[in-house]
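So the protein sequences, as listed, match chains A and B.
Counting from 1, position 26 in the first sequence corresponds to residue 26 in the numbering used here; the numbering is continuous, with no gaps.
Counting from 1, position 87 in the second sequence corresponds to residue 87 in the numbering used here; the numbering is continuous, with no gaps.
Note that beta-carbon positions come from the ideal geometry of N, C-alpha and C, so glycine has one too.
If you're wondering where the values come from, they're calculated on a predicted model, not measured in any experiment.
Below: one structure, written as structure tokens.
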Amino acid sequence: GQSLEQPSEVTAVEGAIVQINCTYQTSGFYGLSWYQQHDGGAPTFLSYNALDGLEETGRFSSFLSRSDSYGYLLLQELQMKDSASYFCAVPFTGGGNKLTFGTGTQLKVEL
Amino acid sequence: DAGVTQSPTHLIKTRGQQVTLRCSPISGHKSVSWYQQVLGQGPQFIFQYYEKEERGRGNFPDRFSARQFPNYSSELNVNALLLGDSALYLCASSLAGQEYEQYFGPGTRLTVT
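Next comes the structure, spelled out in structure tokens:
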């Protein structure tokens with residue numbers, strides 16, 4: 001099976017930098033995706049890492065280490081609107097394409 | 001372009017009833033997936049369809065079924081509803097080969113009483 005573990009909650013202040021970690025156990029690993037979900041909303045795609053290293057998209061960056069089965073999402077210059085749940089997810093093609101989502105991290109940004 | 005649309009937005013059903021949820025993918029997306037999200041958890045994969053064929057099924061009972069139509073829209077059916085089926089049901093579409101980047105609809109909030 002597959003499992004992805006994340007911290008359940010992270011709190012940070014506006015303007016700060018926060019890192020949300022994800023460790024995974026999967027078979028047929030193809031890469032790690034990150035999604036953001038505000039309360040009552042739908043998940044929205046943030047980034048995808050197929051290869052080791054850092055991918056930067058504006059204030060958000062994502063990192064992957066395949067050898068360590070580990071990745072993280074880095075949010076810089078935090079804003080109040082970044083308060084949301086963040087999920088890592090892995091796609092795999094064994095038996096049908098789908099996403100397996102992590103346990104989710106609720107990020108609270110405070111003034 | 002319109003995003004993924006789902007209907008209805010909210011639904012209240014009684015135990016034992018049947019429900020049908022509907023989804024229209026983004027134009028040009030041929031892959032549609034369904035997820036169940038219980039409060040406080042991540043979405044759980046139910047089904048994936050591509051070109052009207054089932055390409056994957058998650059660990060859900062046979063009470064759950066789905067289909068995809070020639071226009072790539074999809075329906076999710078749940079029979080013999082249980083209280084535990086109360087959840088947000090999400091539909092997502094993606095381009096072939098880019099399943100890591102899925103576009104989610106707003107979801108249908110199903111409450112079973």
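Assigned exposure category for G97(B) - 16 Cβ within 10 Å defines buried: exposed
Alpha carbon of V38(B) to alpha carbon of E75(B), nearest angstrom: 20 Å
Contact set for P88(B): own chain, Cβ-Cβ below 6 Å, skip 5 residues either direction: Strictly speaking, residue 88(B) in this sequence is Leu, with Pro absent from that position. If we look at L88(B) and ignore the five residues flanking it on each side, its Cβ neighbours are Q37, G107, R109.
Chain B residues whose Cβ lies nearer than 7 Å to that of K108(A): Near K108(A) there are no residues of chain B at all, since even the closest Cβ is about 15 Å away, more than 7 Å.
Closer than 9 Å at the beta carbon, the chain B residues around G53(A): The premise fails here: G53(A) is roughly 16 Å from chain B at the closest Cβ pair, so nothing lies under 9 Å.
Test item: CB-CB of G105(B) and A42(A) under 8 Å: yes
Residue from S86(B), Q68(B), Q102(B) whose Cα sits closest to the Cα of L11(B): S86(B)
Segment limits, beta strand (DSSP E) that includes L76(B): Run containing L76(B): 74–78, per the beta strand (DSSP E) assignment.
Host beta strand (DSSP E) of F69(B) (start-end): That residue, F69(B), is in no beta strand (DSSP E); it is neither H nor E in DSSP.
Beta-carbon separation (whole angstroms), Y103(B) vs I26(B), contact threshold 8 Å: 6 Å
Contacts of T100(A) in chain B (Cβ-Cβ under 8 Å): F45
Interface flag, E5(A) vs chain B, CB-CB below 8 Å: no
In DSSP terms, what H38(A) is bridged to: DSSP lists no partner for H38(A).
Reduced DSSP category for G53(A) - H, G, I as helix; E, B as strand; rest coil: G53(A): strand per DSSP, three-state reduction.
Other residues of its chain near K30(B): CB distance less than 7 Å, five sequence neighbours each side excluded: Y50, E51, Y72, A96
Bounding residues of the beta strand (DSSP E) (the contiguous stretch that carries Q19(A)): 18–25
Cβ of G96(A) within 8 Å of any chain B Cβ: Note that G96(A) has pLDDT 49, beneath the 50 cutoff, so the model's placement of it is unreliable and the number below is only indicative. By this cut-off, G96(A) is an interface position.
Within-8 Å CB hit, G16(B) to chain A: no
Collapsed DSSP secondary structure at G42(B) in the structure displayed: Here DSSP, grouped into helix, strand and coil, assigns G42(B) to coil.
Simplified DSSP assignment, three categories, for G84(B): helix
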